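Student:
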Amino acid sequence: MNGRTRRVSQRSQMTQKKRDLGFSLLLLLPAVVITTIFILVPVVDSVRESFLDYKMKNIISGRPGEWNHFANYIKLAANAKLGPAIVHTFLFCLVVVLFQFVFGMALALVLNSDIKGARFLRSIMMMPWCVPTVISALTWMWLFQPQYGFMRWFTGIVTGGRVMDLALLNNPSTALSGIAIAALWKQIPLTTLLLLSGLQNVPDSIEEAAIMDGANAWNRFFKITLPYMKSVIKVVLSMAIIENFKQFPLIWTMTGGGPDNSTTTLAILSYREAFVSNNLGSGAAVTTVWMLLMIVVVIVFNKLMGDNQTT
3 MNGRTRRVSQ RSQMTQKKRD LGFSLLLLLP AVVITTIFIL VPVVDSVRES FLDYKMKNII
63 SGRPGEWNHF ANYIKLAANA KLGPAIVHTF LFCLVVVLFQ FVFGMALALV LNSDIKGARF
123 LRSIMMMPWC VPTVISALTW MWLFQPQYGF MRWFTGIVTG GRVMDLALLN NPSTALSGIA
183 IAALWKQIPL TTLLLLSGLQ NVPDSIEEAA IMDGANAWNR FFKITLPYMK SVIKVVLSMA
243 IIENFKQFPL IWTMTGGGPD NSTTTLAILS YREAFVSNNL GSGAAVTTVW MLLMIVVVIV
303 FNKLMGDNQT T
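Numbering follows our numbering, in which position 57 of the sequence shown is assigned residue number 59; successive positions increment by one, without gaps.
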């Protein structure tokens with residue numbers, strides 16, 4: 003009797019597991035369908051078009067593109083703008099992500115302290131992040147405007163009327179820095195909020211034990227706080243890397259890739275090839291290279307960060 007009861011119980015457990023698995027798959031189905039339709043299919047189609055002679059006239063006439071024997075990639079390799087675009091993309095991403103993390107962590111530490119008005123500061127801090135990217139770009143274009151911009155007016159007051167050249171977006175050597183400032187202004191609030199949530203999950207008991215053992219603030223931060231925040235930091239940096247590696251609307255609105263191609267990233271180059279030069283196949287080739295580089299960067303970053311477990 004016991005053996006029969008055991009077999010019945012095992013069959014019941016297996017049936018329940020199958021039901022749970024079926025229910026889980028049913029819950030995942032909408033996400034899988036949406037991801038397939040709006041992400042995987044466009045990516046595969048873009049890679050396919052990168053091997054075709056596919057221009058705007060093909061869309062208008064409805065004629066499919068023709069296989070061009072890797073001509074898009076051969077042309078892309080000979081394009082003098084590709085190398086600088088890759089450099090600008092990596093430089094912009096590196097600088098913005100680095101400063102975004104440093105300033106975000108500093109603000110998170112301040113907001114995690116017992117300062118007055120911390121809740122109010124958290125609320126107003128998110129305002130730049132809520133502003134649409136194009137509006138942020140137009141705002142910073144006005145701030146940097148060399149004739150009547152806010153920066154010119156403000157520096158005139160500070161310097162006693164002496165005019166300073168702050169036309170960052172008009173200078174090839176400083177244009178990318180001006181865009182980076184605008185990107186930081188918009189992205190730091192979300193980074194701060196995420197890091198703040200990580201700080202608040204660090205166990206107080208371990209901090210108190212470290213203080214009793216004589217650990218100073220620097221040691222507690224680098225040996226206790228950061229290790230416990232490793233999973234949060236990994237997510238924050240991954241989001242920042244992807245966001246800035248594919249940054250397009252901010253750069254296109256503020257400079258359009260100029261002056262003198264000094265802010266032309268892979269995103270800008272892809273758009274120009276596809277919709278300015280009307281060569282969708284060439285634009286798809288740039289997009290494919292851009293996507294592969296981003297995948298490599300994310301994989302290398304995850305390897306460097308290791309697992310999320312703290313010791």
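Note that CB positions come from ideal geometry on N, CA and C, so glycine has one too.
Everything numeric in this text was worked out from a predicted model, so none of it was measured.
For W144, which residues does DSSP report across the bridge?
Tutor: Locating residue 144 in the sequence shown gives position 142, counting from the first residue. None; W144 has no bridge partner.
Student: Looking at the strands, I want to know which residues DSSP matches up with D116.
Tutor: Walking along the sequence shown from the start, residue 116 turns up at place 114. Beta-bridge pairing links D116 to no other residue.
Student: Take T255 and list the residues in its own chain whose beta-carbon comes closer than 8 Å to its own, dropping the five residues that flank it on each side.
Tutor: Position 253 of the sequence shown holds residue 255. The answer, listed in chain order, is T135, V136, A139, L140 and M143.
Student: Check S74 in the structure and name its three-state DSSP category.
Tutor: For the purposes of this step, residue 74 is taken as residue 72 along the sequence shown, with counting starting at 1. In the sequence as presented, Ser is not what sits at residue 74; that position holds Asn. It is helical.
Student: Check whether the Cβ atoms of L197 and G106 lie closer than 7 Å to each other.
Tutor: Here residue 197 is taken as the residue at index 195 of the sequence shown, counted from 1. Here residue 106 is taken as the residue at index 104 of the sequence shown, counted from 1. In contact: L197 and G106 (Cβ atoms closer than 7 Å).
Student: Just reading off the alpha helix (DSSP H) that A184 is part of, what are its end residues?
Tutor: Indexing the sequence shown from 1 puts residue 184 at position 182. First-last of the alpha helix (DSSP H) with A184: A177 to L201.
Student: Near T91, which residues of its chain fall below 6 Å by C-beta distance, leaving aside the five closest residues on each side in sequence?
Tutor: Indexing the sequence shown from 1 puts residue 91 at position 89. Around T91: T267 and L268.
Student: Give me, in chain order, the residues of the same chain whose beta-carbon lies closer than 7 Å to that of V302; leave out the 5 immediate sequence neighbours on both sides.
Tutor: As a first step, residue 302 is located in the sequence shown; it is residue number 300 there, counting from the start. So no residue of the chain qualifies.
Student: Considering just the uninterrupted stretch of the alpha helix (DSSP H) at N246, what are its terminal residues?
Tutor: Here residue 246 is taken as the residue at index 244 of the sequence shown, counted from 1. K232 to F247 is the extent of the alpha helix (DSSP H) around N246.
Student: Buried or exposed: where does R13 fall if 16 or more other Cβ atoms within 10 Å of its Cβ makes it buried?
Tutor: Translated into positions along the sequence shown, residue 13 becomes position 11. Answer is exposed; the Cβ neighbour count stays below 16.
Student: Taking the alpha carbon of D206 as the reference point, which residue from L31, N221, L29 and T227 has its own alpha carbon closest?
Tutor: By one-based count along the sequence shown, residue 206 stands at place 204. Closest by C-alpha distance to D206, out of L31, N221, L29 and T227, is T227.
Student: Please return the same chain residues whose Cβ sits closer than 7 Å to the Cβ of K20, not counting the five positions on each side in sequence.
Tutor: Looking up residue 20 in the sequence shown gives position 18. Here the set comprises nothing.
Student: Which term fits V104, buried or exposed, when burial requires 16 or more other beta carbons within 10 angstroms of its beta carbon?
Tutor: Counting from 1 along the sequence shown, the entry for residue 104 is found at position 102. V104 should be labelled exposed.
Student: Does DSSP classify D47 as helix, strand or coil?
Tutor: Within the sequence shown, numbered from 1, the residue matching residue 47 stands at position 45. Helix at D47.
Student: Work out the CA separation of M296 and G67 for me, nearest whole Å.
Tutor: By one-based count along the sequence shown, residue 67 stands at place 65. By one-based count along the sequence shown, residue 296 stands at place 294. If you take the alpha carbons of G67 and M296, they lie about 27 Å apart.
Student: Taking the alpha carbon of T290 as the reference point, which residue from V278, L306, K305 and Y273 has its own alpha carbon closest?
Tutor: Residue mapping note: residue 290 aligns to position 288 of the sequence shown, counting from 1. Considering only alpha carbons, the answer is Y273.
Student: What residues match up with K57 in a beta bridge as DSSP calls it?
Tutor: Counting from 1 along the sequence shown, the entry for residue 57 is found at position 55. K57 pairs with N281.
Student: Tell me the rounded alpha-carbon separation between W292 and A184.
Tutor: By one-based count along the sequence shown, residue 292 stands at place 290. By one-based count along the sequence shown, residue 184 stands at place 182. Distance between the alpha carbons of W292 and A184: 23 Å.
Student: Tell me the residue span of the alpha helix (DSSP H) that contains R65.
Tutor: Sequence index remark: in the sequence shown, residue 65 carries index 63 (1-based). Per DSSP, R65 belongs to no alpha helix (DSSP H) and is neither H nor E.
Student: Would you tell me roughly how many angstroms separate the C-alpha atoms of F146 and N246, rounded to the nearest one?
Tutor: Start at 1 with the first residue of the sequence shown, and residue 146 comes out as number 144. Start at 1 with the first residue of the sequence shown, and residue 246 comes out as number 244. Approximately 21 Å, taken between the alpha carbons.
Student: Taking all protein chains shown into account, decide if F72 is buried (16 or more other Cβ within 10 angstroms of its Cβ) or exposed.
Tutor: In the sequence shown, the residue the question calls residue 72 occupies position 70. The residue in question, F72, is exposed, as its Cβ has fewer than 16 Cβ neighbours within 10 Å.
Student: If you draw a straight line from the C-alpha of F94 to the C-alpha of I190, how long is it?
Tutor: Walking along the sequence shown from the start, residue 94 turns up at place 92. Walking along the sequence shown from the start, residue 190 turns up at place 188. F94 and I190 have their C-alpha atoms roughly 15 Å apart.
Student: For M129 and R65, I'd like the C-alpha separation in whole angstroms.
Tutor: As a working note, residue 129 is residue 127 in the sequence shown. As a working note, residue 65 is residue 63 in the sequence shown. Near 47 Å, if we compare the C-alpha coordinates of R65 and M129.
Student: Can you tell me where the alpha helix (DSSP H) holding G158 begins and where it ends?
Tutor: Sequence index remark: in the sequence shown, residue 158 carries index 156 (1-based). Looking at the DSSP string, the run of the alpha helix (DSSP H) that includes G158 is F152 to V160.
Student: At the level of alpha carbons, what is the spacing between T265 and T176?
Tutor: Along the sequence shown, read from residue 1 onward, the residue named residue 265 stands at position 263. Along the sequence shown, read from residue 1 onward, the residue named residue 176 stands at position 174. Counting only the Cα atoms, T176 lies some 9 Å from T265.
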